[in-house]
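Worksheet: one structure, shown below.
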Amino acid sequence: MDFLSADVLASAISTAFLPANLLAVALGVTAGVILGAVPGLSGTMAIALMIPLTFHWSPLFSIAILMGCWKGSVFGGSISAILLNTPGTPEAAPTALDGYPLSQQGKSMQAMTMALAASVIGALFSDALLFVAAPAISEFAVTFGPADLASLMLLSLVIVSGTGSRSIIKGLMATALGLYLGCIGLDPLTAERRLTFGVLHLDQGLDLLAMTIGLLVLSEVFVQMREELSSAASAAKPRLPLKGAWLKLADLKRAAGVILRSSIIGSVCGALPGVGSITAAFMGYDQARMTSGHPETFGKGELKGVAAAESANNAVCGTALVPMLTLGIPGSLSVAIIMGAFMIHGLAPGPLLMSSEPAFVYSLFLLLLLSDILLFLIPLPLLPLAARLSTIRRAYLLAPIAFFCFVGAYSTNQSLFDVKVMVVFAVIGVFFKRWGISPAALLIAFILGPLVENNLRLALMLSAGDPTVFVTRPLSAVFLGLAVVALGVMTFRRKRPAAATVPETARD
Amino acid sequence: MAPAAAPPDRSELFIGLGFAALAGLCLAVIPRAIGPYGAEATILPMIGAGALGLFSLLQIGAALLGRGASDEAPPPPLAPPLTLAAWLRLGAAAGVVALSAWLLPVLGILLTGAAMQILLFLLIGIRPLPAIIIALAVTAVLYLAIHTVLGVPLPAGQLW
Chain A
1 MDFLSADVLA SAISTAFLPA NLLAVALGVT AGVILGAVPG LSGTMAIALM
51 IPLTFHWSPL FSIAILMGCW KGSVFGGSIS AILLNTPGTP EAAPTALDGY
101 PLSQQGKSMQ AMTMALAASV IGALFSDALL FVAAPAISEF AVTFGPADLA
151 SLMLLSLVIV SGTGSRSIIK GLMATALGLY LGCIGLDPLT AERRLTFGVL
201 HLDQGLDLLA MTIGLLVLSE VFVQMREELS SAASAAKPRL PLKGAWLKLA
251 DLKRAAGVIL RSSIIGSVCG ALPGVGSITA AFMGYDQARM TSGHPETFGK
301 GELKGVAAAE SANNAVCGTA LVPMLTLGIP GSLSVAIIMG AFMIHGLAPG
351 PLLMSSEPAF VYSLFLLLLL SDILLFLIPL PLLPLAARLS TIRRAYLLAP
401 IAFFCFVGAY STNQSLFDVK VMVVFAVIGV FFKRWGISPA ALLIAFILGP
451 LVENNLRLAL MLSAGDPTVF VTRPLSAVFL GLAVVALGVM TFRRKRPAAA
501 TVPETARD
Chain B
1001 MAPAAAPPDR SELFIGLGFA ALAGLCLAVI PRAIGPYGAE ATILPMIGAG
1051 ALGLFSLLQI GAALLGRGAS DEAPPPPLAP PLTLAAWLRL GAAAGVVALS
1101 AWLLPVLGIL LTGAAMQILL FLLIGIRPLP AIIIALAVTA VLYLAIHTVL
1151 GVPLPAGQLW
């Protein structure tokens, strides 16, 4: 099956390069850079807050904005990491290790432009891989039966459970709760009311966006409010000025190998469910340090350290879409929210998306490549503004963000009930963060739950109720075996990866 | 010499007990919350609630053995402890947000949004004049941008 015919390509090009869609990417990147620069506002939060603005726009325009916002925020996090030693987003944490010392040496502009160049190269590399890998995997995935898909989703749930939370058991508890909450509403096959308790608002289930905003954003408002109210609330950190020479081509050439290796690491991490950009950034940084002839220079203002972290965390964005677009599996929280946006706009990510909407998918690919170019052009004039915004006192942001949460939760269905759902999940989110439980596991299980159920029941119907179908089909058996292995590895692993060292409040 | 047994981890135990109670509740409501024609419809809720119960029992067991954090990294550093006044402010802020959700149908988004922001600003420690100015400006700008320009419907209350 060849998804890319001449007609499809022509249609994709003509759609992608409509001025409105170009504007969407530019707006998304701009918003992402600014929001990402503000410490405490992660890329995931930025996407969740942007979704309500996109309801009345075309799907491509909306998804383009969100993807631009995500990429912009991943780079934007490096601005405050370099100037303030406070990562704007968690994936920028390793950027601060060398970026801030460079700023102290009066080379902030060099660090910033290196971060930008490495981000763009990493993102381009990842998007190129997406362009190549997604059609191939889609072609393979359409041969999957319901049993294979159910087992694959189970594998994803197991992997996602093992990341983000402070223990595998907590991750599994969050996943189980997400599966249960995903059952609320009309049964997908019999239209029987389930767990609605006579509340009509629950017939369509809990609203994903209201839950997401509550769990991730409004709960974070309270967590940060607590920090603001603590007696030792941090005074505004002095921001080092943007100064020094820009990056030279020779510097970029010197870091080319590091950037390439980190881009590969980031791309692989993106494609694997549950790994995410934070782990990618730390792994990219570590490989740069370990392969360097002068590892002692890392942490003291090594330009290659900035390049490695930034190329790795940006390289996650493109390939992270591969499992979502081809298999309908969101591997990270950001992608789960973007998948929610697909569904809000009537698109069903999964094996059939590329065959049913090839022009849309290729338009999206082209816009992603375009967003990489804009990611290089837009932040340069924005740097002084973003640098200034990065020092804004958090207390001034929390109340407006809370207000924006209300607007966002209401907007999906124009339902006041959803606003209450958001508040309830904000409370749950606060406790989850306090207890070290990943909201990502809950949200991804909530999204995948109905898909798992449909495929599970369909597989049982096709096999006349024979449950052995899950182990007699080779692919399904492989996925189930991998799920058992993954569970075993995560259970007996004693130490968490480096990503565990970043604040949990904004983990992807 | 064998290492001394680790003492039970009380906070981890509390988490496990809380989730076990939740799992029990989830299981108990399934027969009453799913209609007579939905035998198949109970499969996934049962799996979800059952798994929640099983994992919460594992959590309890791990906490009792003092292994609640066995595969954990050190927890992230918490913010410094709050004074009683700060706790009261935080509780009041949570109350303001919850109350706003319930007042939205009456007051509408403009009044509720502005009032909620002013109160939150004051509770965080922003001085009254900037609090009022910023809250009103943010409310107006967001309303114009989201409702008037983008056409996203926002809730109008009975009073406004």
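Here the protein sequences come in this chain order: A and B.
Sequence positions in the first sequence follow my numbering and run 1 to 508.
Sequence positions in the second sequence follow my numbering and run 1001 to 1160.
Where is the CB? At the ideal position from N, CA and C, for every residue including glycine.
Predicted model, so just to flag it, every value in this text is computed and none were measured.
DSSP three-state call for residue i: helix, strand or coil?
i: Ile378(A); result: coil
i: Gly185(A); result: strand
i: Ile1167(B); result: The structure shown does not extend to residue 1167(B), since chain B spans only 1001 to 1160, so no value can be given for it.
i: Phe520(A); result: What is shown of chain A runs 1 to 508, which leaves residue 520(A) out entirely.
i: Ala166(A); result: With the sequence shown as reference, residue 166(A) is identified as Arg, and Ala is not the correct amino acid for it. Looking at Arg166(A) - three-state DSSP - the assignment turns out to be coil, as it is neither helix nor strand.
i: Ile437(A); result: coil
i: Trp246(A); result: coil
i: Ala10(A); result: helix
i: Gln224(A); result: helix
i: Val1152(B); result: coil
i: Asn413(A); result: coil
i: Pro467(A); result: coil
i: Arg261(A); result: helix
i: His201(A); result: helix
i: Gln1158(B); result: coil
i: Lys304(A); result: helix
i: His56(A); result: coil
i: Ala144(A); result: It should be pointed out that residue 144(A) corresponds to Phe in this sequence rather than to Ala. It is coil, neither helix nor strand.
i: Val38(A); result: coil
i: His1147(B); result: helix
i: Ile1124(B); result: helix
i: Ala455(A); result: In the sequence on display, residue 455(A) carries Asn and not Ala. Asn455(A) falls in the helix class under three-state DSSP.
i: Phe342(A); result: helix
i: Asn85(A); result: coil
i: Thr30(A); result: helix
i: Ala1039(B); result: coil
Report the partner residues of residue i according to the DSSP bridge assignment.
i: Arg194(A); result: Gly185(A), Ile1034(B)
Exposed or buried, residue i, counting other C-beta atoms within 10 Å across all chains shown (16 or more means buried)?
i: Gly346(A); result: exposed
i: Ala92(A); result: buried
i: Ile213(A); result: buried
i: Lys433(A); result: buried
i: Leu1129(B); result: exposed
i: Pro381(A); result: exposed
i: Phe197(A); result: exposed
i: Trp1102(B); result: exposed
i: Gln1117(B); result: buried
i: Phe431(A); result: exposed
i: Ala1140(B); result: exposed
i: Ser390(A); result: buried
i: Arg289(A); result: buried
i: Glu310(A); result: buried
i: Ala308(A); result: buried
i: Leu325(A); result: buried
i: Asp148(A); result: buried
i: Met67(A); result: buried
i: Asp7(A); result: exposed
Verify whether the separation of the beta carbon atoms of residue i and residue j is less than 8 Å.
i: Leu152(A); j: Ile329(A); result: yes
i: Ile401(A); j: Val217(A); result: yes
i: Ala117(A); j: Leu247(A); result: yes
i: Met225(A); j: Ala1098(B); result: no
i: Leu155(A); j: Ala445(A); result: no
i: Gly36(A); j: Ala46(A); result: yes
i: Leu462(A); j: Pro146(A); result: yes
i: Leu1125(B); j: Ala395(A); result: The identity of residue 1125(B) in the sequence shown is Gly, whereas the question assumes Leu. The answer is yes: Cβ separation under 8 Å.
i: Gly1016(B); j: Ser1056(B); result: yes
i: Gly77(A); j: Ser219(A); result: no
i: Pro1045(B); j: Arg194(A); result: yes
i: Leu303(A); j: Ala483(A); result: no
i: Gly305(A); j: Leu97(A); result: yes
i: Leu130(A); j: Thr319(A); result: yes
i: Gly284(A); j: Gly266(A); result: yes
i: Phe75(A); j: Ala115(A); result: yes
To the nearest whole angstrom, what separates the beta carbons of residue i and residue j, a pair I think is in contact under 8 Å?
i: Gly28(A); j: Gly72(A); result: 6 Å
i: Asn314(A); j: Ser119(A); result: 4 Å
i: Leu442(A); j: Gly178(A); result: 4 Å
i: Met211(A); j: Val421(A); result: 7 Å
i: Ser355(A); j: Val25(A); result: Rounded, the Cβ-Cβ distance is 25 Å, inconsistent with contact.
i: Leu333(A); j: Ala440(A); result: 4 Å
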